[in-house]
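Residue numbers (full-length UniProt numbering): 1 to 180.
Just so you know, even glycine gets a beta-carbon here, dropped at the ideal spot from N, CA and C.
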């Protein structure tokens, strides 16, 4: 939940929301895995260091990292389209001048994401969760845990019996037993 402090306290009573799961922001290793996951089907230049990018994005959420990857991809695509347009203009000029058009074998229409694309994407990068928000989430989780923590040390007196672990003794008539 994004803003747990604005939830009506009636919803937080026992039996309504059974669990509160606090997922902290990703650590460095997790950020590397998130980056790799976002870029798994994307050609990346060999000099792009995802570990360095991960170290540079402390406090970023998975969504923040995804935004960086998407922006870098869009920049690479835009650059590729611009190169293709320029390449086509040059071909038209050569064709108008009567030159032979020899197809270039080294031309690759699939853009590769380079360091420059990530550097440009990082200019727009922002953390979506502030340190203040993190503290609010942690305090809220702690408060909720304290409210629900009454029975954490509850135990019955005496030794547990072997076999039947509680409840009423089994009934003799199985025909009336709805659960058998």
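Whether residue i touches residue j by CB criterion (8 Å)
i, j, result
"residue 45", "residue 114", "yes"
"residue 71", "residue 121", "yes"
"residue 50", "residue 41", "no"
"residue 59", "residue 135", "no"
"residue 56", "residue 28", "no"
"residue 129", "residue 25", "yes"
With 16 other Cβ atoms within 10 Å as the buried cut-off, status of residue i
i, result
"residue 9", "exposed"
"residue 118", "buried"
"residue 78", "exposed"
"residue 31", "buried"
"residue 93", "exposed"
"residue 76", "buried"
Backbone secondary structure at residue i - three-state DSSP
i, result
"residue 6", "helix"
"residue 11", "coil"
"residue 44", "strand"
"residue 21", "coil"
"residue 1", "Annotation note: pLDDT 46 at residue 1 (below 50); position unreliable, coordinate value reported separately. Correct three-state label for residue 1: coil."
Separation of residue j from residue i, as counted between CA atoms
i, j, result
"residue 34", "residue 15", "34 Å"
"residue 153", "residue 146", "13 Å"
"residue 99", "residue 91", "9 Å"
"residue 123", "residue 155", "57 Å"
"residue 85", "residue 144", "58 Å"
"residue 61", "residue 69", "13 Å"
"residue 1", "residue 138", "With a pLDDT of only 46 at residue 1, under 50, the local geometry of the prediction cannot be trusted, and the value read off the model is given with reservation. Distance between the alpha carbons of residue 1 and residue 138 is about 13 Å."
"residue 52", "residue 133", "26 Å"
"residue 142", "residue 80", "50 Å"
"residue 112", "residue 74", "11 Å"
"residue 21", "residue 140", "11 Å"
"residue 83", "residue 23", "43 Å"
"residue 66", "residue 47", "20 Å"
"residue 157", "residue 38", "54 Å"
is_contact[residue i, chain B] using C-beta, thresh 8 Å
i, result
"residue 85", "Among the protein chains of the structure shown there is no chain B, as only one such chain exists."
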